[in-house]
Amino acid sequence: MSKADNLKDFLDLAQWSRSELGALLDLAADLKAVPEKFSQALAGKSLAMIFKKSSTRTRVSFEVGMFQLGGQAIFMSSAHTQVGRGEPLKDTARVLSRYVDGIMIRTFDHAEVETLAQYATVPVINGLTDFLHPCQVLTDIFTIKERLGLDLGDFDGLKIAYIGDGNNMANSWINAALRFGFDLKIACPAGYEPDAALLAQVNRQSSGSGRVAVFLDPLSAAKGAVVLNTDVWASMGQEDEARERRQVFAGYQINEKLLKIAAPDPLVLHCLPAHRGEEITASVFEKYQDLIFTQAENRMHVQKALLVTLLNR
Ligand code: CP
Ligand code: NVA
């Protein structure tokens, strides 16, 4: 079994070219501006959504997105399906491929998403793994582009800072820097850096634009940044480490001091959920709440573009 040549997965930003990602962003803008034009784009199509981790935004934005495109989404919590009782994903992939037109999955181990995609004959979308969160970061790029009125070429050399854990968000930001050509400065404590293999790949690939640098000091990363971005100190699955992480990450926070060293009027992004007083202060969060909730809204527009592109073949 294999996927037909005209079908594609969305597991990792690195698997898509800059122009393909640019086309997704253009389509997302169109979908946001004139949603009614696409109200039957996926009529009769179904998306299965497997969740082994919790979600608010990902679940609702995909589900409402499918509905708005004339299709339907099926929520499959691991607690209430055979997935949670150990049915192999390679079997789930083959079964679901007989029923639905696409599969979205949120899970722990990235290898599971790859297995699902290998065995599914329909497109598979990564809705977050421990390694990557590509739907979120593509949305973040869309949000920056929209708010600053940028063309794709304007990302070349744009200074973007990521303050916090070298987690799935940081890893996807690295993939995005390589694709879109911005300068990404990451600040994280020693031992909490982004994926080592990904950083090694960056060192081999990045020359000119699309540079990625990792700092210990948040102020060094934030200096002159047009965009400041952060994420929780303890991700899903790391709840047992939350206490220790609060100590390790103290200081890796978006606060007034960081805003002052950034470029004038920087954008502040947060993928949510937020922990006020940890990775971001309550006052900075509220100051940027309109942008942060627009970022959350944009998940739906960007994912609708993905769904139209992947499922409509
Ligand atoms: N940002 C994000 O993916 O949110 P959820 O965990 O609520 O889906
Ligand atoms: N890094 C966070 C992102 C949540 C959207 C997590 O994995 O829990």
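Residue numbering for the sequence shown is 29 to 341, as defined by this note's numbering. We treat Cβ as the ideally placed atom computed from N, Cα and C, and that holds for glycine. Keep in mind it's a predicted model, so treat the numbers as computed, not measured.
State whether the segment 321-338 contacts the segment 103-120, with contact taken as three or more CB pairs (one from each stretch) at a distance under 8 Å.
no
Contacts around residue 309, its chain only, beta-carbon distance under 8 Å, and the 5 residues preceding and following it disregarded
Numbered from its first residue, the sequence shown carries residue 309 at position 281. So the list reads 281, 282, 283, 284, once near-sequence residues are dropped.
So which of 118, 175, 267, 171 has the shortest CA-CA distance to residue 149?
In the sequence shown, counting from the first residue as 1, residue 149 sits at position 121. With distances taken between Cα atoms, residue 149 lies closest to 118.
What does the alpha-carbon distance come out to for the pair residue 204 and residue 138?
To locate residue 204, count along the sequence shown from 1; it is residue 176. To locate residue 138, count along the sequence shown from 1; it is residue 110. Roughly 18 Å separates the two Cα atoms.
Taking just the CA atoms, how far does residue 260 sit from residue 266?
Residue 266 sits at position 238 when you count from the first residue of the sequence shown. Residue 260 sits at position 232 when you count from the first residue of the sequence shown. Distance between the alpha carbons of residue 266 and residue 260 is about 11 Å.
Given residue 286 as reference, the closest of 257, 70, 100, 300 once Cα atoms are compared:
Taking the first residue of the sequence shown as 1, we reach residue 286 at position 258. For the residues 257, 70, 100, 300, the minimum Cα distance to residue 286 belongs to 257.
Can we say the segment 189-206 touches the segment 215-229, given the rule of at least three CB pairs closer than 8 Å?
yes
Bridge-paired residues (DSSP) for residue 257:
Residue numbering aside, residue 257 sits at position 229 when the sequence shown is read from its first letter. Partner(s): 190, 297.
Which word fits residue 199, buried or exposed, when buried means at least 16 other C-beta atoms lie within 10 angstroms of its C-beta?
Position 171 of the sequence shown, counted from the first residue, corresponds to residue 199. Residue 199 is buried by the Cβ-count criterion.
Under the three-state DSSP convention, the category residue 105 falls into:
In the sequence shown, the residue the question calls residue 105 occupies position 77. It is a strand residue.
Along the chain, where does the beta strand (DSSP E) containing residue 65 start, and where does it finish?
The residue labelled residue 65 in the question sits at position 37 within the sequence shown. No beta strand (DSSP E) holds residue 65; DSSP gives it neither H nor E.
Please state whether DSSP places residue 176 in a helix, a strand or coil.
In the sequence shown, counting from the first residue as 1, residue 176 sits at position 148. Helix, per DSSP.
The alpha helix (DSSP H) that contains residue 74, what's its start and end?
Counting from one through the sequence shown, the residue named residue 74 turns up at place 46. Element bounds for residue 74: not the alpha helix (DSSP H) but the beta strand (DSSP E), 74-79.
Near the ligand CP: residue 86 beta-carbon under 8 Å from a heavy atom:
In the sequence shown, residue 86 corresponds to position 58, counting from 1. Yes, the beta carbon of residue 86 sits closer than 8 Å to at least one heavy atom of the ligand CP.
Restricting to Cα atoms, I'd like to know which of 60, 43, 141 is closest to residue 155.
Within the sequence shown, numbered from 1, the residue matching residue 155 stands at position 127. The residue with the shortest Cα to Cα distance from residue 155 is 141.
In its own chain, which residues sit with a C-beta less than 8 Å from the C-beta of residue 157, not counting the 5 before and 5 after it?
Against the sequence shown, residue 157 aligns to sequence position 129. These residues qualify, in order along the chain: 134, 135, 136, 137, 138, 140, 141, 196.
Is the beta carbon of residue 250 less than 9 Å from the beta carbon of residue 289?
Reading the sequence shown from its first residue, position 222 is the one you call residue 250. Reading the sequence shown from its first residue, position 261 is the one you call residue 289. The answer is yes: Cβ separation under 9 Å.
Does DSSP put residue 37 in a helix, a strand or coil?
Against the sequence shown, residue 37 aligns to sequence position 9. Three-state result, residue 37: coil.
State buried or exposed for residue 145, treating a residue as buried only when at least 16 other CB atoms are found within 10 Å of its CB.
In the sequence shown, the residue the question calls residue 145 occupies position 117. Its Cβ being crowded by 16 or more others within 10 Å, residue 145 is buried.
May I ask you to report which of helix, strand or coil DSSP gives residue 195?
Mapped onto the sequence shown, residue 195 falls at position 167. In this structure, residue 195 counts as coil in the three-state DSSP scheme.
Would residue 73 pass as a contact of residue 104 if the rule is Cβ separation under 9 Å?
Mapped onto the sequence shown, residue 73 falls at position 45. Mapped onto the sequence shown, residue 104 falls at position 76. It is not a contact, given that the beta carbons lie outside the stated cut-off.
CB residue 38 to CB residue 152, shorter than 9 Å?
Counting from 1 along the sequence shown, the entry for residue 38 is found at position 10. Counting from 1 along the sequence shown, the entry for residue 152 is found at position 124. Yes, the pair counts as a contact, with Cβ atoms nearer than the cut-off.
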